[in-house]
Amino acid sequence: MSGDIAHPPIAEQSWFREILEAHGFERTGPGEYSNGRASLRITGSRLTAIPAEGGRPWRSDLTGAQPEAVRTLLSAVLAAPSFQSAAHMEAAAVARSKAEVALSQTADTIARDPDTHSAVHLRRFLCSLYNGHHPVSLWRLKDVLDSHHNAAVVEVFTAWMQGHVPEAALRRALTASGEMDRWDTVKLGAKDRERLGDALGAVTDLVNTVSPGRPTFELTRANGLLRQVVD
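So, in structure tokens, the structure goes:
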């Protein structure tokens, strides 16, 4: 007597159906699913994904694949526009449109008076979305914004997290706000220069006194970056 446990076909397993349902696919026949635009067909462990508008089918053999691996694979494939439902594409278009309006409002606020407390935080927010090199305190951002700008930030951030705010849209907002032109003109004030000097001195002292190891490597790197700012 064999100790192996017979598993039902992948198409009959609940986790597989849940993945497809989460992406808007409904069962249309034995081993067949559709979201109204694209379709999936699974025969045994062979999966065929047929994109909308007569695109080239995508095929894969899922023999022995674990549920999490299949979930990751399908999520990547079904995220492509040619596999998205009409409702999903319409929702994405609405999200992009609302984000564009919110970006425009934010850019206008920054352009009018870029050095106000709220505008500085909005500038940091947009720059952080654009290139990832600007830390943002969400607590401070929320604290300094009025309800109008708070709503705009929520709209942009939500759409950005969902992949509906392309880099080009952020670039347009940064350009319209004047941030691109200000990039190379921003200077540190006397107080900030003093704080920078103190920070450089403290890090330099640590580099010269801390025992060799990973922290020393990171401190040396930080020391070099601080010197670049000073220069």
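Its first residue numbered 391, the sequence shown is counted upward by one per residue in my numbering.
Here a beta-carbon is modelled for each residue, glycine too, at the ideal position from N, C-alpha and C.
Secondary structure note for D536: it is in no beta strand (DSSP E), with a DSSP letter that is neither H nor E. Boundaries of the beta strand (DSSP E) harbouring I440: 436-440, taken from the DSSP string. Residues of the same chain with a CB within less than 6 Å of the CB of A492, apart from the 5 flanking positions on each side, are A542, E545, V546 in chain order. Three or more Cβ pairs closer than 8 Å define a contact, and the stretch 476-496 meets that threshold against the stretch 558-565. Between A439 and F473, the C-beta spacing is below 9 Å.
Under the 8 Å Cβ criterion, the stretch 419-430 counts as touching the stretch 460-478, having at least three qualifying pairs. Taking A483 as reference, the option from H554, R449, L468 with the minimal CA-CA separation is H554.
In the three-state scheme derived from DSSP, where H, G and I count as helix and E and B as strand, T418 is classed as strand.
Excluding sequence positions up to five before and after R514, its CB lies within less than 6 Å of the CB of H524, V526, all in the same chain and listed in chain order. Here L519 really is in contact with W550; their C-beta atoms are around 6 Å apart, less than 8 Å.
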